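There are 2 protein chains.
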Amino acid sequence: MRLYLAGPEVFLPDAAQVMAAKSALARRYGFDPICPGDAEIPPAETPFEFGLRISAVDEEMMNAADGIVANLTPFRGIAADVGTSFELGYMCAQGKAVAAYTNVTDDHFARTMAFYQGAVRRAEDGYQRGPDGLSLEDFGMIDNLMLHGGITRRMGPVTVHRAAPDALYTDLTGFEACLKALAAAG
Amino acid sequence: MRLYLAGPEVFLPDAAQVMAAKSALARRYGFDPICPGDAEIPPAETPFEFGLRISAVDEEMMNAADGIVANLTPFRGIAADVGTSFELGYMCAQGKAVAAYTNVTDDHFARTMAFYQGAVRRAEDGYQRGPDGLSLEDFGMIDNLMLHGGITRRMGPVTVHRAAPDALYTDLTGFEACLKALAAAG
Numbered sequence: 035m036r037l038y039l040a041g042p043e044v045f046l047p048d049a050a051q052v053m054a055a056k057s058a059l060a061r062r063y064g065f066d067p068i069c070p071g072d073a074e075i076p077p078a079e080t081p082f083e084f085g086l087r088i089s090a091v092d093e094e095m096m097n098a099a100d101g102i103v104a105n106l107t108p109f110r111g112i113a114a115d116v117g118t119s120f121e122l123g124y125m126c127a128q129g130k131a132v133a134a135y136t137n138v139t140d141d142h143f144a145r146t147m148a149f150y151q152g153a154v155r156r157a158e159d160g161y162q163r164g165p166d167g168l169s170l171e172d173f174g175m176i177d178n179l180m181l182h183g184g185i186t187r188r189m190g191p192v193t194v195h196r197a198a199p200d201a202l203y204t205d206l207t208g209f210e211a212c213l214k215a216l217a218a219a220g
Numbered sequence: 035m036r037l038y039l040a041g042p043e044v045f046l047p048d049a050a051q052v053m054a055a056k057s058a059l060a061r062r063y064g065f066d067p068i069c070p071g072d073a074e075i076p077p078a079e080t081p082f083e084f085g086l087r088i089s090a091v092d093e094e095m096m097n098a099a100d101g102i103v104a105n106l107t108p109f110r111g112i113a114a115d116v117g118t119s120f121e122l123g124y125m126c127a128q129g130k131a132v133a134a135y136t137n138v139t140d141d142h143f144a145r146t147m148a149f150y151q152g153a154v155r156r157a158e159d160g161y162q163r164g165p166d167g168l169s170l171e172d173f174g175m176i177d178n179l180m181l182h183g184g185i186t187r188r189m190g191p192v193t194v195h196r197a198a199p200d201a202l203y204t205d206l207t208g209f210e211a212c213l214k215a216l217a218a219a220g
C-alpha cells in the first residue's frame with residue numbers, strides 16, 4: 035500500500051531528513067511511502083511555471099498512492115496548511131485511505147477562541163461569533179469539519195499528540211499512531 | 035452546469051443573504067448554484083456527530099456539482115479557509131471545472147512576508163526562509179501552489195480584486211469575473 039505523506043514539514047530547513055525519517059517509519063509498518071519533494075522538478079522559465087510543475091508532480095504522486103497521512107498541525111496561524119488540506123480533499127474524493135495527525139492538543143474551537151482572545155459570544159441566531167461576526171465551529175474536531183469529518187466518515191484515524199514547541203513539525207508520535215491504525219485496519 | 039459555491043462567507047452573520055446574492059449572480063450567467071448551508075442538516079446527538087452530518091451533506095453537494103467557484107480570500111490569518119481548500123482539492127480530483135477568486139491583492143508571498151514582518155532572508159540552500167526556518171513559496175500565486183496550480187493547470191480562472199475591508203467576504207466582483215470566465219469557456 036502506497037502512502038502519500040503530506041504536511042508542512044516540506045518547508046523545514048531539514049525537510050529531506052524529516053521526510054526520510056517518516057518514510058523509514060512508514061516502511062517499518064509495511065507501507066510504501068511517497069513524499070512530495072522526492073521527485074526532481076524540471077526547471078521552468080518563470081517561478082509561476084515552476085510552481086505549476088510542482089503541482090503536477092504532487093498530483094501525480096497522489097494519483098499513484100493508495101492513501102494519505104496528512105500532518106494537520108497548525109501552520110503559520112491557527113489552521114492546518116492549506117496545501118495539505120487541498121491534498122486531503124483530493125484523496126478523499128478518490129476514495130482512498132485517509133488519516134491525519136496534529137501535534138497540538140488544542141482543538142479547532144480552542145484555537146479560534148485564542149485567535150479572538152476569548153472575545154466570543156453567543157449571538158441571537160444561536161451561533162458563537164467573534165467580534166468580526168464570523169461564527170466558530172465547536173464540534174470537538176481538530177480543524178474545520180470538512181477535514182476531520184472527511185476522515186472520520188471514511189473510518190480513518192485522526193490522532194492528537196502534544197509535541198514540544200521545537201519539535202512541532204518533526205515529532206512523529208502522532209504520525210506513527212496513524213500508521214499503526216492504518217496497518218491494523220489492513 | 036451545476037456550480038458548488040465554496041467559501042468562508044458561510045460563517046458570516048448574513049450568510050443566507052450573501053449566498054442568495056451569489057446564487058442569483060450564478061443564475062444570471064446560466065449556472066445552477068449549489069450552496070453549502072442550503073440543506074437542512076438532520077439533528078444529531080453530539081456536536082461531533084452534527085459536524086459529520088454537515089461534512090456528508092457538503093460532499094454530496096460537491097458530488098452532484100459539475101464545478102466549483104472557491105472564495106480563497108484569506109480567513110483568520112494569511113491563508114485561505116482550510117475547508118474551502120479541502121473542497122477545491124476534492125473537486126480537482128473529480129476532474130470538474132474549477133475556479134477561484136480572492137478579495138485581497140497581496141499574493142501568497144507578500145502575505146507570508148507580512149506574517150514574518152519582513153524578517154525573511156535567503157538561506158544557504160537558496161530558499162527564502164523566515165526566522166522559524168520555514169521556507170516561503172514565491173511563485174506569484176494567490177496561495178499555496180497546490181491550490182492556484184491545481185486551478186491554472188485545469189485552465190480554470192483565478193481572479194483577484196481588492197475589496198473594501200468591510201466587504202472582504204461579500205464583495206462579488208472577483209466572483210462575477212469567475213462566472214464570466216466559466217461561461218465564456220463553455
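Residue numbers (the working numbering), protein chains in the order written: chain A, 35 to 220; chain B, 35 to 220. All C-beta atoms, glycine included, are put in the ideal place defined by N, C-alpha and C. Keep in mind that this is a model prediction, so the values were computed, not measured.
**OP:** Measuring only between beta-carbons, confirm whether B:Asp-92 sits less than 8 angstroms from chain A.
**Re:** To locate residue 92 of chain B, count along the second sequence from 1; it is residue 58. Cβ-Cβ to chain A under 8 angstroms: yes for B:Asp-92.
**OP:** Return the Cβ separation of B:Ile-112 and B:Val-132 in integer angstroms, given the expectation that the two are a contact with Cβ distance under 8 angstroms.
**Re:** Numbered from its first residue, the second sequence carries residue 112 of chain B at position 78. Numbered from its first residue, the second sequence carries residue 132 of chain B at position 98. Actually they do not touch by this definition, with Cβ atoms about 22 angstroms apart.
Original post:
Is there a Cβ from chain A that is less than 8 angstroms from the Cβ of B:Ser-57?
Top reply: Numbered from 1 along the second sequence, position 23 holds the residue referred to as residue 57 of chain B. No, B:Ser-57 lies away from the interface with chain A (no Cβ there is under 8 angstroms from its Cβ).
Subject >> Uninterrupted alpha helix (DSSP H) stretches inside the stretch 62-113 of chain B (no shorter than 4 residues) >> reply: Fully enclosed alpha helix (DSSP H) runs of 4 or longer: 81-98.
Subject >> Residues that A:Gln-162 bridges to, as DSSP identifies them >> reply: Here residue 162 of chain A is taken as the residue at index 128 of the first sequence, counted from 1. DSSP lists A:Arg-156 as partners of A:Gln-162.
**OP:** Take B:Gly-190 as the anchor and find which of B:Phe-209, B:Ala-197 and B:Tyr-150 has the nearest alpha-carbon.
**Re:** Counted from its first residue, the second sequence places residue 190 of chain B at position 156. Minimum Cα distance to B:Gly-190 is reached at B:Phe-209.
Original post:
Going by the beta-carbon positions, is the gap between B:Thr-118 and B:Pro-42 smaller than 8 angstroms?
Top reply: One-based indexing of the second sequence puts residue 118 of chain B at position 84. One-based indexing of the second sequence puts residue 42 of chain B at position 8. At the C-beta level, B:Thr-118 and B:Pro-42 come within 8 angstroms of one another.
Original post:
Just how far apart, CA to CA, sit A:Ala-98 and A:Lys-130?
Top reply: If you number the first sequence from 1, residue 98 of chain A lands on position 64. If you number the first sequence from 1, residue 130 of chain A lands on position 96. Going from the Cα of A:Ala-98 to the Cα of A:Lys-130 covers about 11 angstroms.
Original post:
Mind checking if A:Pro-81 is an interface residue toward chain B, Cβ cutoff 8 angstroms exclusive?
Top reply: Here residue 81 of chain A refers to the residue found at position 47 when the first sequence is read from its first residue. At least one C-beta of chain B is nearer than 8 angstroms to the C-beta of A:Pro-81.
**OP:** Flag this pair as yes or no: are the beta carbons of B:Thr-193 and B:Ala-217 separated by less than 8 angstroms?
**Re:** Taking the first residue of the second sequence as position 1, residue 193 of chain B is located at position 159. Taking the first residue of the second sequence as position 1, residue 217 of chain B is located at position 183. Contact flag unset, no.
Subject >> Span of the alpha helix (DSSP H), counted from its first residue to its last, around B:Ala-40 >> reply: The residue you call residue 40 of chain B lines up with position 6 of the second sequence. Where B:Ala-40 is concerned, there is no enclosing alpha helix (DSSP H), although the beta strand (DSSP E) it sits in stretches over 36-40.
Original post:
So, helix, strand or coil for A:Tyr-135, using DSSP?
Top reply: Numbered from its first residue, the first sequence carries residue 135 of chain A at position 101. Secondary structure at A:Tyr-135: strand, using DSSP grouped into helix, strand and coil.
Subject >> Pair within 8 angstroms by beta-carbon distance, B:Thr-207 and B:Val-52 >> reply: In the second sequence, residue 207 of chain B corresponds to position 173, counting from 1. In the second sequence, residue 52 of chain B corresponds to position 18, counting from 1. For B:Thr-207 and B:Val-52, no; Cβs fall outside 8 angstroms.
Subject >> Any 3 or more C-beta pairs closer than 8 angstroms across the stretch 145-162 of chain A and the stretch 62-69 of chain B >> reply: The stretch 145-162 of chain A makes no contact with the stretch 62-69 of chain B, as fewer than three CB pairs between them are under 8 angstroms.
Original post:
Closer than 8 angstroms, CB to CB, is A:Leu-86 near chain B or not?
Top reply: Residue numbering aside, residue 86 of chain A sits at position 52 when the first sequence is read from its first letter. Residue-level contact check: A:Leu-86 touches chain B, since one or more beta carbons of chain B fall below 8 angstroms from its beta carbon.
Subject >> A:Leu-122 and A:Ala-197 closer than 8 angstroms at C-beta >> reply: Translated into the one-based positions of the first sequence, residue 122 of chain A becomes position 88. Translated into the one-based positions of the first sequence, residue 197 of chain A becomes position 163. No.
Original post:
What residue does the beta strand (DSSP E) around A:Thr-193 start on, and which one ends it?
Top reply: The count along the first sequence starts at 1 and reaches residue 193 of chain A at position 159. Where A:Thr-193 is concerned, the enclosing beta strand (DSSP E) stretches over 192-194.
**OP:** Using a Cβ-Cβ cut-off of less than 9 angstroms, list which residues of the stretch 179-200 of chain B approach chain A; keep chain order.
**Re:** Along the stretch 179-200 of chain B, going in chain order, the ones with a CB nearer than 9 angstroms to a CB of chain A are Leu-179, Met-180, Leu-181, His-182, Gly-183, Gly-184, Thr-186 and Arg-187.
Original post:
What separation, rounded to the nearest whole angstrom, lies between the Cα atoms of B:Arg-187 and A:Leu-86?
Top reply: If you number the second sequence from 1, residue 187 of chain B lands on position 153. If you number the first sequence from 1, residue 86 of chain A lands on position 52. In this structure, the straight-line span from the alpha carbon of B:Arg-187 to that of A:Leu-86 is close to 7 angstroms.
Original post:
If you follow the alpha helix (DSSP H) that B:Ile-185 is part of, which residue opens it and which one closes it?
Top reply: By 1-based counting over the second sequence, the position of residue 185 of chain B is 151. 179-186 is the extent of the alpha helix (DSSP H) around B:Ile-185.
**OP:** Counting only the same chain and skipping the five closest in sequence on each side, list residues whose C-beta sits under 8 angstroms from that of B:Leu-179.
**Re:** Along the second sequence, read from residue 1 onward, the residue named residue 179 of chain B stands at position 145. For B:Leu-179, where only same-chain residues beyond five positions count, the Cβ hits under 8 angstroms are Glu-171 and Phe-173.
Original post:
To the nearest angstrom, how far is it from the Cα of A:Thr-48 to the Cα of B:Ala-114?
Top reply: Position 14 of the first sequence, counting from 1, holds the residue named residue 48 of chain A. Position 80 of the second sequence, counting from 1, holds the residue named residue 114 of chain B. Correcting the residue identity first, residue 48 of chain A is Asp in this sequence and not Thr. Between A:Asp-48 and B:Ala-114, the alpha-carbon positions lie close to 26 angstroms from each other.
Subject >> Alpha-carbon spacing of A:Ala-55 relative to A:Leu-46, whole angstroms >> reply: Reading the first sequence from its first residue, position 21 is the one you call residue 55 of chain A. Reading the first sequence from its first residue, position 12 is the one you call residue 46 of chain A. The C-alpha of A:Leu-46 is placed about 14 angstroms away from the C-alpha of A:Ala-55.
Subject >> Whole-angstrom C-beta distance between A:Leu-106 and A:Tyr-135, which should lie under 8 angstroms >> reply: To locate residue 135 of chain A, count along the first sequence from 1; it is residue 101. To locate residue 106 of chain A, count along the first sequence from 1; it is residue 72. That pair is a contact at about 7 angstroms.
Original post:
Who are the Cβ neighbours of A:Ala-44 in its own chain at under 6 angstroms, not counting the five residues just before and after it?
Top reply: Along the first sequence, read from residue 1 onward, the residue named residue 44 of chain A stands at position 10. Sequence check: residue 44 of chain A is Val here, not Ala. Pro-70 and Gly-71.
Original post:
Between the stretch 122-136 of chain B and chain A, which residues of the former have a C-beta closer than 7 angstroms to a C-beta of the latter?
Top reply: Under the 7 angstroms Cβ criterion, the stretch 122-136 of chain B contributes Leu-122, Gly-123, Tyr-124, Cys-126, Ala-127 and Gln-128.
Subject >> Cutoff 8 angstroms; reference B:Pro-19; Cβ partners in own chain excluding five residues on either side >> reply: Because residue 19 of chain B is not part of the residues shown, which for chain B are 35 to 220, the question remains open.
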